[in-house]
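This report refers to the structure that appears directly beneath it.
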Amino acid sequence: MSLLEKFAPFESIRADLNAHGMMPFGVVTEKILSPTEGLVGGKKTILAGTNNYLGLTFAPECVAAAQKATADEGTGTTGSRMANGTYSGHRALEQELAAFFGRDSAMVFTTGFLATMGMVATLTGPGDVLLIDGDSHASIYDGCKLSGADIVRFRHNDLADLEKRLRRLGERTANTLIVSEGLYSMMGDQAPLAGIVELKRKYGGYLLLDEAHSVGVLGKHGRGLAEAAGVEDEVDFVVGTFSKSLGSVGGFCVSSRPELELIRMAARAYIFTASPTPSVVASTRAALRLVAAHPELRKKLWRNANRLYEGLAKIGYQLGPQAGPVVAVFVDDREQAIAGWHQLLAAGVYVNLVLPPATPTGASLLRCSLSAAHTDEQIDKILDAFAALPMAASGKSAAPQTRTHSV
Amino acid sequence: MGSYQESVTLIYEALEPFLQPGLVLSEDSALVSDLGLSSLQVMELVAEVEDRLDITVPLNVLPDVRSIRQFAELLTRLTGDAA
Numbered sequence: 028m029s030l031l032e033k034f035a036p037f038e039s040i041r042a043d044l045n046a047h048g049m050m051p052f053g054v055v056t057e058k059i060l061s062p063t064e065g066l067v068g069g070k071k072t073i074l075a076g077t078n079n080y081l082g083l084t085f086a087p088e089c090v091a092a093a094q095k096a097t098a099d100e101g102t103g104t105t106g107s108r109m110a111n112g113t114y115s116g117h118r119a120l121e122q123e124l125a126a127f128f129g130r131d132s133a134m135v136f137t138t139g140f141l142a143t144m145g146m147v148a149t150l151t152g153p154g155d156v157l158l159i160d161g162d163s164h165a166s167i168y169d170g171c172k173l174s175g176a177d178i179v180r181f182r183h184n185d186l187a188d189l190e191k192r193l194r195r196l197g198e199r200t201a202n203t204l205i206v207s208e209g210l211y212s213m214m215g216d217q218a219p220l221a222g223i224v225e226l227k228r229k230y231g232g233y234l235l236l237d238e239a240h241s242v243g244v245l246g247k248h249g250r251g252l253a254e255a256a257g258v259e260d261e262v263d264f265v266v267g268t269f270s271k272s273l274g275s276v277g278g279f280c281v282s283s284r285p286e287l288e289l290i291r292m293a294a295r296a297y298i299f300t301a302s303p304t305p306s307v308v309a310s311t312r313a314a315l316r317l318v319a320a321h322p323e324l325r326k327k328l329w330r331n332a333n334r335l336y337e338g339l340a341k342i343g344y345q346l347g348p349q350a351g352p353v354v355a356v357f358v359d360d361r362e363q364a365i366a367g368w369h370q371l372l373a374a375g376v377y378v379n380l381v382l383p384p385a386t387p388t389g390a391s392l393l394r395c396s397l398s399a400a401h402t403d404e405q406i407d408k409i410l411d412a413f414a415a416l417p418m419a420a421s422g423k424s425a426a427p428q429t430r431t432h433s434v
Numbered sequence: 435m436g437s438y439q440e441s442v443t444l445i446y447e448a449l450e451p452f453l454q455p456g457l458v459l460s461e462d463s464a465l466v467s468d469l470g471l472s473s474l475q476v477m478e479l480v481a482e483v484e485d486r487l488d489i490t491v492p493l494n495v496l497p498d499v500r501s502i503r504q505f506a507e508l509l510t511r512l513t514g515d516a517a
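Quick note, the sequences are listed as chains A and B, same order. Using my numbering, you'd call the opening residue of the first sequence number 28 and step up by one each time. Using my numbering, you'd call the opening residue of the second sequence number 435 and step up by one each time.
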């Protein structure tokens, strides 16, 4: 097989997806109108798959901060944090992140993917062990590949399996990094963090928690699942992103381990890439202040999430195991999922189409994510669009046990 | 536990539920290309062997394992380490 032949299978997949006249992956939003609306295919569309959990992308404070930073400091830093790319704003953002999370220090990365991949790859090396949840994000898996450590997977959110694997590691747990996510991005379920922490206490090891989808979403102050579960002291490293509830792009790690300052000098994903632009740093700082000052945004988000989850369950859809800002609608058949996605878009609703192997199980997903900025009317429209799909009428997917949640 | 021959015997036992009837096993049989195991079945086989031996087989060493012989050599090494 020659170099480029391995891409041939993508050709038929692309043809399948294009059959309905629009490619579901890489959809162009011709004009973004608000955190929850845009023009897609010339049509005003409710955006229900953007991870814009608190709806802060158009917050006047964030927009003004970004504009001012661009005018004052320019469009880009043109350099790495290690060289010329650290401005006072980058340092200030790190101090504010550390204060927000109640940790000693913070590191700012250029994307969330780089933060997670870079921390996983740098914290561990040959001879160490990475003990990761089986449904981990690609950034965690890529970090594993780069680290050279032994990679051991435990079944998704399965404490018994995690315990078995910790026990088998014996003394090697002293060199083990356990990796979990606060809120899983595809199914919307949360890690059993209190249980994970209990096992860590019993067997040893370090814990890194990816709170990409849970910062601003979980916990009384929005510090994520570690706060909600009351175990922040036991989570050694928290990584996350600015590109969801904080409405910009970029990533971070916070920790009270003094070694975090040394990791700056070792993490290639931090050293060999240009730092975030001044506008990104400024809007993220403004968004962080809004998250701290407006807990009602989180309440609104959960109200919306529960409303959509309950509505979809009532229609009879099989959903992810836990209500939350990510609502995964299971569709057994891939063709049905593709057709359903197009019908939703025609009805003015954009959600994410997720096909295997990007899904943890064999099922295809119509993945919704909610925002505090969604109105009740918008959520009702989303529900109406789902109720009109042929698979809703078939009664094929039985409603499972549902569980709702409040902050 | 720990000898190569014991590892081979254990793999033969653990493989049984995955095999088409009539297949002839040898130490040189390749799990995927000769025995027709899917990647999911390979993972199930590994989990079964891990449980029987109460050991952990790291994911990163699996790409080097194609045949029963290579798997047995790996298990012999891992159980030797643990002893």
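All residues carry an ideal CB built from backbone N, CA and C; glycine is no exception.
Legend entry - Contacting residues, own chain, Cβ-Cβ under 8 Å from E461 (chain B) (five flanking each side not counted): By one-based count along the second sequence, residue 461 (chain B) stands at place 27. The beta carbon of E461 (chain B) is closer than 8 Å to those of V442, S501, I502, R503, A506 in its chain, skipping five residues each way along the sequence.
Inset, instruction - Using 10 angstroms around the beta-carbon of Q428 (chain A), count the other beta-carbons present and answer buried if the total reaches 16, otherwise exposed. - result: Here residue 428 (chain A) corresponds to residue number 401 of the first sequence, with the count starting at 1. Residue placement at Q428 (chain A) is flagged as unreliable, the pLDDT there being 41, under the threshold of 50; a coordinate-derived value is accordingly withheld.
Inset, instruction - With a cut-off of 8 Å on the beta carbons, I'd call L252 (chain A) and E261 (chain A) a contact; round off their distance for me. - result: The residue labelled residue 252 (chain A) in the question sits at position 225 within the first sequence. The residue labelled residue 261 (chain A) in the question sits at position 234 within the first sequence. In fact, because the Cβ distance is near 12 Å, the residues do not count as touching under 8 Å.
Legend entry - Distance between L371 (chain A) and D411 (chain A) (C-alpha atoms, nearest Å): The count along the first sequence starts at 1 and reaches residue 411 (chain A) at position 384. The count along the first sequence starts at 1 and reaches residue 371 (chain A) at position 344. Distance between the alpha carbons of D411 (chain A) and L371 (chain A) is about 10 Å.
Inset, instruction - In the DSSP assignment, find the unbroken beta strand (DSSP E) run with K70 (chain A) in it and report its ends. - result: Here residue 70 (chain A) corresponds to residue number 43 of the first sequence, with the count starting at 1. Per DSSP, the continuous beta strand (DSSP E) segment holding K70 (chain A) begins and ends at 70-74.
Inset, instruction - Give, in chain order, every unbroken run of the alpha helix (DSSP H) that is at least 4 residues long and sits entirely within the stretch 182-250 of chain A. - result: The alpha helix (DSSP H) runs of length 4 or more contained entirely in the stretch 182-250 of chain A are, from start to end of the chain, 186-196, 220-230.
Inset, instruction - Within its chain, find whatever has a CB closer than 8 Å to the CB of L328 (chain A); leave out the 5 residues flanking it on each side and keep chain order. - result: Residue 328 (chain A) sits at position 301 when you count from the first residue of the first sequence. Closer than 8 Å at the Cβ level, and outside the excluded window around L328 (chain A), lie Y80, L81, V244, P352, L397, S398, A399.
Legend entry - Within chain B, the residues that V147 (chain A) reaches when beta carbons sit closer than 9 Å: Looking up residue 147 (chain A) in the first sequence gives position 120. Under a criterion of Cβ atoms nearer than 9 Å, no residue of chain B is adjacent to V147 (chain A); the nearest Cβ is some 13 Å distant.
Legend entry - Member of A:L392, A:I290, A:V318 whose CA lies at the smallest distance from the CA of A142 (chain A): Your numbering for residue 142 (chain A) matches position 115 in the first sequence. Checked all of A:L392, A:I290, A:V318; the closest Cα to A142 (chain A) is A:I290.
Inset, instruction - Rank A:T138, A:E32, A:P322, A:G112 by C-alpha distance to the C-alpha of K247 (chain A) and give the top, closest one. - result: Here residue 247 (chain A) refers to the residue found at position 220 when the first sequence is read from its first residue. The shortest Cα separation from K247 (chain A) among A:T138, A:E32, A:P322, A:G112 belongs to A:P322.
Inset, instruction - Compare the beta carbon distance of A125 (chain A) and A119 (chain A) with 8 Å and say whether it is the shorter of the two. - result: On the first sequence, position 98 is the one that residue 125 (chain A) refers to. On the first sequence, position 92 is the one that residue 119 (chain A) refers to. Contact flag unset, no.
Legend entry - Where V495 (chain B) falls, given that 16 or more other Cβ within 10 Å makes a residue buried: Counting from 1 along the second sequence, the entry for residue 495 (chain B) is found at position 61. The C-beta of V495 (chain B) has fewer than 16 other C-beta atoms within 10 Å across all chains shown, which makes the residue exposed.
Inset, instruction - Could you work out which residues of chain B lie near L196 (chain A), taking near to mean beta carbons separated by less than 7 Å? - result: By one-based count along the first sequence, residue 196 (chain A) stands at place 169. Those are T490, listed as they occur along chain B.
Inset, instruction - Can you pull the chain A residues whose beta carbon is under 7 Å from the beta carbon of E459 (chain B), in chain order? - result: Along the second sequence, read from residue 1 onward, the residue named residue 459 (chain B) stands at position 25. According to the sequence shown, residue 459 (chain B) is Leu rather than Glu. Within chain A, no residue comes near L459 (chain B); the closest Cβ sits about 27 Å away, beyond 7 Å.
Inset, instruction - May I have the straight-line CA-CA distance separating R334 (chain A) from L150 (chain A), to the nearest angstrom? - result: Reading the first sequence from its first residue, position 307 is the one you call residue 334 (chain A). Reading the first sequence from its first residue, position 123 is the one you call residue 150 (chain A). R334 (chain A) and L150 (chain A): Cα-Cα distance of roughly 40 Å.
Legend entry - Interfacial residues, the stretch 171-201 of chain A to chain B, with Cβ spacing under 7 Å: Result list: D177, I178, V179, R180, R192, R195, L196.
Inset, instruction - Select from A:A221, A:M49, A:F299 the residue whose C-alpha is nearest the C-alpha of W368 (chain A). - result: As a first step, residue 368 (chain A) is located in the first sequence; it is residue number 341 there, counting from the start. Per the Cα distances, A:M49.
Legend entry - Per-residue DSSP class, three states only, for Y377 (chain A): Along the first sequence, read from residue 1 onward, the residue named residue 377 (chain A) stands at position 350. DSSP, read as helix, strand or coil, puts Y377 (chain A) in strand.
Legend entry - Per-residue burial, M292 (chain A) [other beta carbons within 10 Å of its own, 16 or more giving buried]: For the purposes of this step, residue 292 (chain A) is identified with residue 265 of the first sequence, where counting begins at 1. When all chains shown are included, M292 (chain A) counts as exposed.
Legend entry - Expected contact under 8 Å - CB spacing of A218 (chain A) and G209 (chain A) to nearest Å: By 1-based counting over the first sequence, the position of residue 218 (chain A) is 191. By 1-based counting over the first sequence, the position of residue 209 (chain A) is 182. Between the beta-carbon of A218 (chain A) and that of G209 (chain A) there is about 6 Å, and that keeps the pair under the 8 Å contact cut.
Legend entry - Interface partners of L444 (chain B) on chain A, CB under 9 Å: What you label residue 444 (chain B) is simply residue 10 of the second sequence in a count that begins at 1. Under the 9 Å cutoff, chain A gives no residues; its nearest Cβ is about 16 Å from L444 (chain B).
Legend entry - Residue from A:L158, A:G65, A:I178 whose Cα sits closest to the Cα of I205 (chain A): Residue numbering aside, residue 205 (chain A) sits at position 178 when the first sequence is read from its first letter. Of A:L158, A:G65, A:I178, the smallest CA-CA separation from I205 (chain A) is found for A:L158.
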